[in-house]
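Q: Pasting a structure below so you can have a look.
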Amino acid sequence: MSTLAILGSSSPDGNTCALARAVTSTCSGKLLDLSDYDVTPWDYLARNAGDDFFHLAREMAAATDIIFCTPVYWYAMSAQLKTFIDRFSDLITRNKEIGRSLAGKRTWLIATGSDETLPEGFEIPFALTSQYFQMHYSGALYGQTTDAGLLPIALEQAKVFAGRIVNKQT
Ligand SMILES: Cc1cc2nc3c(=O)[nH]c(=O)nc-3n(C[C@H](O)[C@H](O)[C@H](O)COP(=O)(O)O)c2cc1C
1 MSTLAILGSS
11 SPDGNTCALA
21 RAVTSTCSGK
31 LLDLSDYDVT
41 PWDYLARNAG
51 DDFFHLAREM
61 AAATDIIFCT
71 PVYWYAMSAQ
81 LKTFIDRFSD
91 LITRNKEIGR
101 SLAGKRTWLI
111 ATGSDETLPE
121 GFEIPFALTS
131 QYFQMHYSGA
141 LYGQTTDAGL
151 LPIALEQAKV
161 FAGRIVNKQT
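Per UniProt numbering, the sequence shown runs over residues 1 to 170.
Here it is as structure tokens:
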């Protein structure tokens, strides 16, 4: 049983990272920041087959729970996370074995934004992409932020969220 959190943010030490850390430190999860890796956009000609995407895909294959972590940028997930998820197309074409190995895993979402709630429909790409790979999308933690950072309640909610992940694992 292991939890892998994948962070896509323009701020390596920003609000989304802080919320993701609060969760992974409580559930003993591993946090990977996409900005530490070379993940380039989907290429029909596979000229990027040697970048870091397959390394990260194998990390996902080794986990039982995968948490996608993103700020809300213009009502949507970050470009970094979207670029990563676009590469899932490699898992239905060039490395189907890893793609098939995702079946049965649980997926989760951690997001932060300055609005009170997540924009309508924000979770849909995560839920449907999970469904496509026969993973079980299990819910989101949303942390509201101000110029001073995350609202303190978000860190409390992070503990509850981490508890949900751990409880599902037992
Ligand atoms: C380019 C940009 C676009 C943003 N768009 C939204 C938005 O549509 N809705 C929202 O609630 N917050 C929006 N925000 C606020 C961020 O989501 C918020 O500050 C978040 O916590 C930043 O996380 P980070 O520190 O990981 O980048 C935006 C911020 C930036 C920089």
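Glycine included, every Cβ here is placed at the ideal spot set by N, Cα and C.
#1: Just how far apart, CA to CA, sit Leu102 and Asp115?
#2: Determine the direct distance from the alpha carbon of Tyr142 to that of Pro119, and round the result to whole angstroms.
#3: Classify Thr117 as helix, strand or coil using the three-state DSSP reduction.
#4: Rounded to a whole number of angstroms, what is the C-alpha to C-alpha distance between Phe54 and Gly149?
#5: When the Cα of Gly163 is compared with those of Ser9, Asp51 and Ala22, which residue comes out closest?
#6: Nearest-angstrom Cα distance between Ile153 and Thr146?
#7: Give me the residue from Lys105, Asp52, Phe161 and Asn15 with the minimum Cα distance to Tyr37.
#8: So, for Thr83: in the same chain, excluding its five sequence neighbours on each side, which residues have a beta-carbon less than 7 Å away from its beta-carbon?
#9: Where does Arg94 land, buried or exposed, given buried means 16+ other C-beta within 10 angstroms?
#10: Quick check on the DSSP output: what are the complete alpha helix (DSSP H) runs of length 4 or more inside the segment 84-139, in order along the chain?
#11: Between the Cα of Gly50 and those of Asp90, Pro12, Gly113 and Thr129, spot the shortest distance and give me the residue it belongs to.
#12: Leaving out the 5 sequence neighbours to the left and right, which residues in its chain are closer than 7 Å to Leu155 when beta-carbon positions are compared?
#13: One question on the structure: do Ala158 and Leu19 come within less than 9 Å of each other, judged by their Cβ atoms?
#14: Give me, in chain order, the residues of the same chain whose beta-carbon lies closer than 6 Å to that of Gly113; leave out the 5 immediate sequence neighbours on both sides.
#15: Can you give me the C-alpha to C-alpha distance between Gln134 and Ile85, rounded to a whole angstrom?
A: On the basis of the supplied data:
#1: Taking the sequence shown and counting its residues from 1, one reaches residue 102 at position 102. Taking the sequence shown and counting its residues from 1, one reaches residue 115 at position 115. Taking the straight line joining both Cα atoms gives about 32 Å.
#2: By 1-based counting over the sequence shown, the position of residue 119 is 119. By 1-based counting over the sequence shown, the position of residue 142 is 142. It is roughly 11 Å from the alpha-carbon of Pro119 to the alpha-carbon of Tyr142.
#3: Working through the sequence shown from its first residue, we reach residue 117 at position 117. Of the three classes helix, strand and coil, the one that applies to Thr117 here is coil, per DSSP.
#4: For the purposes of this step, residue 54 is identified with residue 54 of the sequence shown, where counting begins at 1. For the purposes of this step, residue 149 is identified with residue 149 of the sequence shown, where counting begins at 1. Those two C-alpha atoms are separated by around 33 Å.
#5: Walking along the sequence shown from the start, residue 163 turns up at place 163. Answer by Cα proximity: Ala22.
#6: One-based indexing of the sequence shown puts residue 153 at position 153. One-based indexing of the sequence shown puts residue 146 at position 146. For Ile153 and Thr146, the distance between alpha carbons rounds to 12 Å.
#7: Locating residue 37 in the sequence shown gives position 37, counting from the first residue. The shortest Cα separation from Tyr37 among Lys105, Asp52, Phe161 and Asn15 belongs to Asp52.
#8: What you label residue 83 is simply residue 83 of the sequence shown in a count that begins at 1. Cβ within range, chain order: Val39 and Pro41.
#9: Counted from its first residue, the sequence shown places residue 94 at position 94. Result: exposed.
#10: 96-101 and 124-132
#11: Working through the sequence shown from its first residue, we reach residue 50 at position 50. If we check each option's Cα against that of Gly50, Asp90 comes out closest.
#12: Walking along the sequence shown from the start, residue 155 turns up at place 155. Contacts found: Ala22.
#13: Translated into the one-based positions of the sequence shown, residue 158 becomes position 158. Translated into the one-based positions of the sequence shown, residue 19 becomes position 19. Taking 9 Å as the Cβ cut-off, Ala158 and Leu19 qualify as a contacting pair.
#14: Translated into the one-based positions of the sequence shown, residue 113 becomes position 113. Closer than 6 Å at the Cβ level, and outside the excluded window around Gly113, lie Val72.
#15: Start at 1 with the first residue of the sequence shown, and residue 134 comes out as number 134. Start at 1 with the first residue of the sequence shown, and residue 85 comes out as number 85. The alpha-carbon atoms of Gln134 and Ile85 are separated by roughly 15 Å.
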